[in-house]
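Here the structure is laid out as structure tokens; the discussion comes afterwards.
There are 2 protein chains.
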Amino acid sequence: VEYDGTSYHGWQLQKNVPTVQGSIEKVLGKILGAPTRVHGAGRTDAGVHAQGQVAHFLSNWARSLVELQRACNALLPPDISIAELTQAPDGFHARHSARAKRYVYTIRNAPLRSPLRRLYCLHVASRLDVSLMQEAAEHLLGSHDFAAFGSPTDGTPSTVREMWEARFESGEQGDTWHFVICGSGFLRYMVRSIVGTLLWTGTGKIRPEEFRLVLESRDRSRSGPTAPPHGLCLVSVEYGVGDATES
Amino acid sequence: VEYDGTSYHGWQLQKNVPTVQGSIEKVLGKILGAPTRVHGAGRTDAGVHAQGQVAHFLSNWARSLVELQRACNALLPPDISIAELTQAPDGFHARHSARAKRYVYTIRNAPLRSPLRRLYCLHVASRLDVSLMQEAAEHLLGSHDFAAFGSPTDGTPSTVREMWEARFESGEQGDTWHFVICGSGFLRYMVRSIVGTLLWTGTGKIRPEEFRLVLESRDRSRSGPTAPPHGLCLVSVEYGVGDATES
């Protein structure tokens, strides 16, 4: 599922406010003629975007999947689309079967704000030293207790996760940076809280070594502010045997 | 001036609807303490964006231009910004002094629509032969009567304009094309009407040679539909002696 999160109160169904899950369930309900529960891999927060969210649902649709996908995309609003629809293997669960998720947080580092780029990247006016941010980000690699950066979302109380990628890539435009992070799973607000703390490093407020100490502290009060949601995008979710990123 | 045209009824001031000119005049009026008329180089239509619109106004602001620019950007809405503010030479007029304008029309050619890219490019699901579109576009180069593609906007009834560039560039993403067109001036709806007709060429409805016949006909009823505004962006306006594109 691809979506522009700007107008939604996040992925997860809530009463009386628009959510991505709610919009998809409404459309599937109409097409399938029965209430249909949709389970997403990642519960993105209000304002967060997705290029490659994955979700599953049960149905006894008898016609082709191409027809079902087309019907969904015809009824879904312009800011949500089903990019791919396939039959899942038995026992598949979008969230429980996920082995890895990849997020990208996009930062535009330039003196002035840009109207045409305001919706999908965070504008930072102060000059950032991205090499220091990259140095700090490397401390995230491997298995750590990430309690300093978020709280568990699921039943499990563990705050340990494993990260395989955490790096800055320069964007197509010279003033833009993509922070790419890929790991076994993410706590609530984790990527945005990491980005907020990396921004401290980039502006010289803390050194990369101090970033490591924040991580090791497991103390939420020591991390930086949660970066705004609109810079964040859930890029992909990876599953099963044969995945390069399998844990 | 950079702006996201999505929420505006175009550049030009109109009663009771939001326009870009209206928003800037309101802000300047507040800062300068007097009603201030703003003259734009190009009157972009409703929904059209700009990266490099140019506008002038008269004022007796006594402090620095940096302060004025900062004050404007602080009061302007997030979808409009003053990217650069300088003192114009005597007799400068944003529209009358302009020697060239450059527009880019962005097309995304892919089977499915994309929520994250819907605001700034036209989605075309049918497969386009961009080499045919490029071949057709070359007929636009030079001086022509463009009456087939639009009507004059200004006092002058002439529909003759000169084009120096008209080419397709592939975008950063593999499925995206930028149609870049640079010329001495543009009739109302001209770029969008050209794009609508080029799309006829790209889908095989007419051959590049027939595109030339449409141009030569000077007959508005023979050109294609006006392409939607959201794919169009006024990229730059060029002035004066020494410009590469001076006529």
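From first to last, the protein sequence lines stand for chains A and B. Numbering of the first sequence is given in the working numbering, commencing with residue 1 and proceeding in unit increments. Numbering of the second sequence is given in the working numbering, commencing with residue 248 and proceeding in unit increments. Quick reminder that beta carbons are idealized off the backbone N, C-alpha and C, glycines included. From a predicted model like this one, the values you see are computed outputs, not experimental measurements.
Per the C-alpha coordinates, the member of B/325, B/440, B/455 and B/336 positioned closest to residue 377 of chain B is B/455. The three-state secondary structure of residue 378 of chain B, taken from DSSP, is helix. The three-state secondary structure of residue 57 of chain A, taken from DSSP, is coil. Taking CB atoms only, residue 228 of chain A has no neighbour in chain B less than 9 Å away. A Cβ-Cβ separation of about 13 Å leaves residue 423 of chain B out of contact with residue 480 of chain B under the 8 Å criterion. Burial state of residue 173 of chain A is exposed, judged by a 10 Å Cβ sphere holding fewer than 16 other Cβ atoms. The bridge partners DSSP lists for residue 233 of chain A are A/49 and A/104.
Of all residues in the stretch 37-56 of chain A, only 49 and 51 place a beta-carbon less than 7 Å from a beta-carbon of chain B. Assignment of beta-bridge partners to residue 392 of chain B by DSSP yields B/407. In chain order, 283 place their CB closer than 6 Å to the CB of residue 275 of chain B, counting only its own chain and leaving out the 5 sequence neighbours on each side. When the five nearest sequence neighbours on each side are left out, the beta carbons in the same chain lying within less than 6 Å of the beta carbon of residue 206 of chain A are those of 200, in order along the chain. Listed in chain order, the non-local C-beta contacts of residue 449 of chain B below 7 Å within the same chain comprise 375, 376, 377, 379 and 380, local neighbours out to five positions each way being set aside. Among the CB atoms of chain A, none fall inside 9 Å of the CB of residue 307 of chain B. Among the residues of chain B, none has a CB under 8 Å from the CB of residue 126 of chain A; the nearest is roughly 15 Å distant.
Proximity to residue 334 of chain B across B/426, B/309, B/413 and B/395 peaks at B/309, based on C-alpha coordinates.
The C-beta of residue 356 of chain B comes no closer than 9 Å to any C-beta of chain A. Interface residue (Cβ-Cβ distance to chain A less than 9 Å): residue 416 of chain B is not classified as such. Check the Cα spacing between residue 20 of chain A and each of A/31, A/32, A/7 and A/30: the tightest is with A/7. With a threshold of 9 Å between beta carbons, residue 265 of chain B makes no contact with chain A. Between the stretch 221-230 of chain A and the stretch 248-262 of chain B there are fewer than three inter-stretch CB-CB distances shorter than 8 Å, so the stretches are not counted as touching. For the stretch 68-92 of chain A, not one full-length beta strand (DSSP E) segment reaches 3 residues or more.
C-alpha of residue 119 of chain A to C-alpha of residue 366 of chain B: approximately 10 Å in a straight line.
In terms of CA proximity to residue 39 of chain A, A/54 leads the group A/54, A/50 and A/78. Sequence-distant Cβ neighbours of residue 390 of chain B in its own chain, meaning closer than 7 Å and more than five residues away, are 407 and 409.
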